[in-house]
Structures are given as C-alpha cells and as structure tokens.
Amino acid sequence: MMMLPPSVRVYVAAEPTDLRKGFDGLSAQVMARFQADPRTGHLFVFLNRRADQVRILFWDRTGYCIVAKRLAQGRFHLGRKLSAGATHVEVEAAELALMLEGLDLSAAVQRKRWRLPAGGKHSA
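Pasting the structure below:
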C-alpha cells in the first residue's frame, strides 16, 4: 500500500486529460482546474479519456515528478460519484493505491472512522 505523510493530499481531476502533456502542461492544468499551486507537494492525478492511463504530478522540493501507469487490460475507476460541475475530487492515499491496482471501488462501502475535528483539537 502507498504510504504518504498525512500532510500530503491527493486530488483527482474530474474530467479526462490529454496525457501527452508534460511537466509544464500538467502543472498548468493543476493551476487551471484545481486552482492550486502544483509545487505544494500534493499529488495531482489525471486520467485519459479511456481511463486506461493515469499520470500523477507532484513536486519533490527540487522539481516536478510524473508517475505514469497504463493498464494492460481494464480501466481505472474512481470509487465515488462526482458532484455536478466538480473539477476535481480529493481522495485518500489508500483509495489511490487501490485505484492504481485497477480495482473498481464503486460498490465498496467505507465505514465511518474517527477524524480529528476541524481546528486540530479534540475534546477530552
């Protein structure tokens, strides 16, 4: 399983992307679609129209990195429905890892878990 620090967020583009784009093209997509700075260290995930290829763009303190994967058979499936007009969705690292394995999570049920409340403090 993919282990990322809790500070790293994973964002998946809602619409297909032309994956012939390189570092500059994908970073421009991050600024346009995600309204985010691509140099934050977060992971920005893009799928092609057929959803059989994925590119992940991230900044590693010295430059951009792109991780690419193409499935030999099947498609990548995002395990959730997107709201109308959404440009991207935030997913957890575990969900990304399963998606990269080619698993369809649309029928999976995620159980409620405890989360630290907004503001970072919990009551005793």
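Going by the UniProt record's numbering, the sequence shown opens with residue 1, and the numbers climb by one from there. Ideal placement from N, C-alpha and C gives every residue a C-beta, glycine not left out. Nothing here was measured: the structure is a model prediction, and the numbers come from that model.
Taking C-beta separations shorter than 6 Å and ignoring five residues to either side along the sequence, the partners of Arg75 in its chain run Ala51, Asp52, following chain order. Only exposed fits Pro117, as fewer than 16 other CB atoms lie within 10 angstroms of its CB. DSSP places Ala13 inside the beta strand (DSSP E), whose first and last residues are 10 to 13. Gln53: member of the beta strand (DSSP E) spanning 53 to 59, first to last residue. Inclusion of Gln29 and Thr17 in the CB contact set at 9 Å is warranted, their separation being smaller than that value.
For the set Arg111, Asp104, Ala86, the Cα lying nearest the Cα of Val12 is the one of Ala86. Between the alpha carbons of Leu47 and Leu78 lies a gap of roughly 10 Å. For Arg70, the three-state secondary structure derived from DSSP is strand. For Phe44, there is no enclosing alpha helix (DSSP H); the enclosing beta strand (DSSP E) has its first and last residue at 43 to 47.
By the criterion of a C-beta distance shorter than 6 Å, Cys65 is surrounded in its chain by Phe58, once the five residues flanking it on both sides are discounted. Judged by beta-carbon spacing, Val10 lies beyond the 9 Å limit of Glu101, meaning their Cβ atoms are not closer than that value.
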